[in-house]
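*Asks:* Take this structure, written in structure tokens, and hold onto it; I'll ask about it next.
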């Protein structure tokens, strides 16, 4: 077999799968988004961009856009900052660090659905420990999963808890590669710990931060589905109905295939913008590994 | 003198901070284990108990009774193993192609693959993907749960990076000895990649075991569902909210990935970091 043909043969399995199960559905959803489709998919009427128009006139969809934007940005910010500080602490290699690391990394292996279940229990108004603690020490008695704005807080807590280990792992790998003499030098300059962290370490790790922000956006946009489904089912009302949860409801609960496809296309466009941003700003990335 | 004192104080502060953070972060899992061994009376006691009085195992039996948990574990195992193997094979082959060969269309095909990193098909495109499954007659089968996920950009990148780091001289020497490219891959590259393969296997297994939305919509009957859906079924079945039973089911579902992860942590961390930072 000639060396010229071999690489193509090696690529066949991968490309068969991504073409059939990623690119074909992507193109297909564009097509479907321009149709009105009967619940069982046997009748289709071309309606142009009406599905999109309807969506942007639907107050429920606008709410979903807003709530997704708030949920994703707050969760990303919390995850990034908490993970960065925890990574710095772990990097000090104080006694017991391997144990802390092992315990802190565990939620990586736990699913969003289970994270949602665990936190549903902890926040349960009758038997939950967090709820008990809150009422005991802060006099706060809250129906976390069924009232505004606590339902959103609950989802953010469960999401951040689940995603944090991913970020800590990357920051830790990054911090370990910051040259020691750089830190030494700044210590001799009399720079305080705080300045050192913000003026030297954080900027040095910005390529990692950038990568993590993108990856976290993807996590929160999509795996939020399981957390929402387990904890609030999008409620109270539609208060925690994120874009992906709305897409699921429209597609499978209400059988609005055309509308749901239009929602897919909108998510697709958002992800394309994220991808382009990644390539555009990613040019300046520094590799540490 | 002053600097060493400051250092000591920093270490003590870091130690305290880490203990507190670890305690808070571990609390959900610790309490889940504790609750899973508590009797209904203990679960509903006020204030809530931190430890069970004795190891009450009935919750575990109830969890297996309420939902077909054994069958769900089987389904999830089939799904996770098939996806893991599929991703490893496609990733090793395509990673090898990108690392060791020059060919027409290399860059464009690589970009095509890279873009999929940002398109989690099992969520963004559930509607068309579901319709395609219906065309194939795959709805409510293992095919739908496994085949669409048997390739991923992450695995290709990981192995591409790894193969690139292996000295070129090795390949030249093998070629002079008359080894074909496939022999070189199987006999030389694979044995050199054991820890990378191990790390990738955990990443893939955890990903597949934890999938939720896709199995939820593509399976119709209870005996085709997966463990993650099982947790939700338990919550729905336990209308009186006997959290002991729900937590018992939850522990059963999370044990495989958590144990695997703890045992192979170092291997995994290395692979995860590598898969991300050198895309």
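Chains as they are written, first to last, in this note's numbering: chain F, 120 to 408; chain B, -19 to 259.
Ideal Cβ positions, reconstructed from N, Cα and C, are used throughout, including at glycine.
So with CB distances below 8 Å, who are the chain F contacts of residue -5 of chain B?
*Replies:* Here residue -5 of chain B refers to the residue found at position 15 when the second chain is read from its first residue. Result: 213, 214 and 215.
*Asks:* Between residue 39 of chain B and the rest of its own chain, which residues show a CB-CB distance below 6 Å, the 5 nearest in sequence each way excluded?
*Replies:* Position 59 of the second chain holds residue 39 of chain B. Contacts found: 16, 224, 225 and 228.
*Asks:* Mind pulling the beta strand (DSSP E) runs of 3 or more residues that sit fully within the stretch 150 to 196 of chain F?
*Replies:* 154 to 156 and 163 to 165
*Asks:* Compute the beta-carbon to beta-carbon distance between residue 234 of chain F and residue 277 of chain F, rounded to the nearest angstrom, for a pair I have assumed lies under 8 Å.
*Replies:* Within the first chain, numbered from 1, the residue matching residue 234 of chain F stands at position 115. Within the first chain, numbered from 1, the residue matching residue 277 of chain F stands at position 158. Confirmed, Cβ separation roughly 5 Å.
*Asks:* Applying the criterion that 16 or more other CB atoms from any shown protein chain within 10 Å of the CB defines a buried residue, is residue -15 of chain B buried or exposed?
*Replies:* Numbered from its first residue, the second chain carries residue -15 of chain B at position 5. Answer is exposed; the Cβ neighbour count stays below 16.
*Asks:* Please identify the residue among F/145, F/356, F/177 and F/138 whose C-alpha is closest to the C-alpha of residue 380 of chain F.
*Replies:* Counting from 1 along the first chain, the entry for residue 380 of chain F is found at position 261. It is F/145.
*Asks:* Is residue 12 of chain B close to chain F? Criterion is C-beta to C-beta, closer than 9 Å.
*Replies:* Along the second chain, one-based indexing puts residue 12 of chain B at 32. It does; some Cβ of chain F falls within 9 Å.
*Asks:* Helix, strand or coil for residue 362 of chain F? Go by DSSP, reduced to three states.
*Replies:* Residue mapping note: residue 362 of chain F aligns to position 243 of the first chain, counting from 1. Residue 362 of chain F falls in the helix class under three-state DSSP.
*Asks:* For the stretch 315 to 330 of chain F, enumerate the residues whose C-beta is nearer than 9 Å to any C-beta of chain B, in chain order.
*Replies:* 326, 327 and 330
*Asks:* Say whether the stretch 215 to 222 of chain F touches the stretch 363 to 383 of chain F, bearing in mind that this needs 3 or more beta-carbon pairs closer than 8 Å, one atom from each stretch.
*Replies:* no
*Asks:* Whose Cβ in chain B lies nearer than 8 Å to the Cβ of residue 367 of chain F?
*Replies:* In the first chain, the residue the question calls residue 367 of chain F occupies position 248. Going along chain B in sequence order, the residues near residue 367 of chain F (Cβ under 8 Å) are 106, 193 and 197.
*Asks:* Using a cut-off of 7 Å between C-beta atoms, extract the partners of residue 227 of chain B located in chain F.
*Replies:* Translated into positions along the second chain, residue 227 of chain B becomes position 247. Result: 240.
*Asks:* Considering only their Cβ atoms, is the gap separating residue 279 of chain F from residue 394 of chain F smaller than 9 Å?
*Replies:* As a working note, residue 394 of chain F is residue 275 in the first chain. As a working note, residue 279 of chain F is residue 160 in the first chain. Going by beta carbons, residue 394 of chain F and residue 279 of chain F fall outside the 9 Å limit.
*Asks:* Report yes or no: do the stretch 135 to 150 of chain B and the stretch 181 to 194 of chain F share at least 3 C-beta pairs separated by less than 8 Å?
*Replies:* no
*Asks:* Between which residues of its own chain and residue 369 of chain F is the CB-CB distance below 8 Å, once the five residues before and five after are set aside?
*Replies:* Sequence index remark: in the first chain, residue 369 of chain F carries index 250 (1-based). Answer for residue 369 of chain F: 375, 378, 379 and 382, listed in chain order.
*Asks:* Grab the span of the alpha helix (DSSP H) containing residue 143 of chain B for me, first residue to last.
*Replies:* Residue mapping note: residue 143 of chain B aligns to position 163 of the second chain, counting from 1. Its alpha helix (DSSP H) spans residues 133 to 144.
*Asks:* Is there contact between the stretch 131 to 144 of chain F and the stretch 128 to 140 of chain B, where contact requires at least three CB pairs shorter than 8 Å?
*Replies:* Taking one beta carbon from each stretch, the stretch 131 to 144 of chain F and the stretch 128 to 140 of chain B have 3 or more pairs nearer than 8 Å; the two touch.
*Asks:* Counting only beta-carbon atoms, is residue 269 of chain F nearer than 9 Å to chain B?
*Replies:* As a working mapping, residue 269 of chain F is identified with position 150 in the first chain. Residue 269 of chain F does not count as touching chain B.
*Asks:* Counting beta carbon pairs with one atom in the stretch 315 to 325 of chain F and one in the stretch 145 to 156 of chain F, are three or more of them shorter than 8 Å?
*Replies:* no
*Asks:* Answer yes or no: do residue 265 of chain F and residue 354 of chain F have a C-beta to C-beta separation smaller than 9 Å?
*Replies:* Residue mapping note: residue 265 of chain F aligns to position 146 of the first chain, counting from 1. Residue mapping note: residue 354 of chain F aligns to position 235 of the first chain, counting from 1. For residue 265 of chain F and residue 354 of chain F, yes; Cβs fall inside 9 Å.
*Asks:* Counting along the chain, where does the alpha helix (DSSP H) carrying residue 80 of chain B start and finish?
*Replies:* Indexing the second chain from 1 puts residue 80 of chain B at position 100. Its alpha helix (DSSP H) spans residues 49 to 80.
*Asks:* From F/132, F/195, F/232 and F/247, pick the residue whose C-alpha is nearest to that of residue 330 of chain F; which is it?
*Replies:* Taking the first residue of the first chain as 1, we reach residue 330 of chain F at position 211. With distances taken between Cα atoms, residue 330 of chain F lies closest to F/195.
*Asks:* Are there three or more Cβ pairs, one per stretch, closer than 8 Å when the stretch 332 to 349 of chain F is compared with the stretch 188 to 195 of chain B?
*Replies:* At 8 Å Cβ cutoff, the stretches touch.
*Asks:* Which residues in the same chain have their Cβ closer than 8 Å to the Cβ of residue 14 of chain B, if we skip the five residues on either side of it in sequence?
*Replies:* For this step, residue 14 of chain B is matched to residue 34 along the second chain. Excluding positions up to five away in sequence, the list reads 29, 30, 31 and 32.
*Asks:* Chain F partners of residue 164 of chain B, CB-CB under 8 Å?
*Replies:* The sequence position of residue 164 of chain B within the second chain is 184, counting from 1. Near residue 164 of chain B there are no residues of chain F at all, since even the closest Cβ is about 11 Å away, more than 8 Å.
*Asks:* Who are the Cβ neighbours of residue 432 of chain F in its own chain at under 8 Å, not counting the five residues just before and after it?
*Replies:* Residue 432 of chain F lies beyond the residue range present for chain F, which begins at 120 and ends at 408; the question has no answer from this structure.
*Asks:* For the stretch 63 to 75 of chain B against the stretch 174 to 191 of chain B, do three or more pairs of beta-carbon atoms, one drawn from each stretch, fall closer than 8 Å, so that the two count as touching?
*Replies:* yes
*Asks:* In this structure, how does DSSP classify residue 42 of chain B when only helix, strand and coil are distinguished?
*Replies:* Start at 1 with the first residue of the second chain, and residue 42 of chain B comes out as number 62. It is helical.
*Asks:* Run down chain B in chain order and give the residues with a C-beta less than 8 Å from the C-beta of residue 251 of chain F.
*Replies:* Here the question's residue 251 of chain F lines up with position 132 in the first chain. Near residue 251 of chain F (Cβ distances below 8 Å), the residues of chain B are 26, 27 and 28.
*Asks:* So that I know if they touch, is there some Cβ in chain A lying closer than 9 Å to that of residue 233 of chain B?
*Replies:* Absent here is chain A; the protein component of the structure consists of chains F and B.
*Asks:* DSSP on residue 406 of chain F, reduced to helix/strand/coil?
*Replies:* Translated into positions along the first chain, residue 406 of chain F becomes position 287. Low confidence applies to residue 406 of chain F: its pLDDT is 43, below 50, so where it sits in the model is not reliable enough to give any reading.
*Asks:* Assign residue 35 of chain B to buried or exposed, taking buried as 16 or more other Cβ atoms, counted over all protein chains shown, within 10 Å of its Cβ.
*Replies:* Locating residue 35 of chain B in the second chain gives position 55, counting from the first residue. Label assigned to residue 35 of chain B: exposed.
*Asks:* Assuming residue 285 of chain F contacts residue 227 of chain F (C-beta within less than 8 Å), just tell me the rounded distance between them.
*Replies:* As a working mapping, residue 285 of chain F is identified with position 166 in the first chain. As a working mapping, residue 227 of chain F is identified with position 108 in the first chain. Indeed they touch by this definition, with Cβ atoms about 6 Å apart.
*Asks:* Start and end of the alpha helix (DSSP H) containing residue 206 of chain B?
*Replies:* Start at 1 with the first residue of the second chain, and residue 206 of chain B comes out as number 226. Neither: residue 206 of chain B is in no alpha helix (DSSP H) and is coded neither H nor E.
*Asks:* Given a cut-off of 9 Å, decide if residue 153 of chain B and residue 199 of chain B are closer than it, judged by their beta-carbon atoms.
*Replies:* For the purposes of this step, residue 199 of chain B is identified with residue 219 of the second chain, where counting begins at 1. For the purposes of this step, residue 153 of chain B is identified with residue 173 of the second chain, where counting begins at 1. Cβ atoms of residue 199 of chain B and residue 153 of chain B: not closer than 9 Å.
*Asks:* On the CB-based measure, 16 or more other CB atoms within 10 Å of its CB, does residue 245 of chain F come out buried or exposed?
*Replies:* By one-based count along the first chain, residue 245 of chain F stands at place 126. It is exposed - the Cβ of residue 245 of chain F has fewer than 16 other Cβ atoms within 10 Å.
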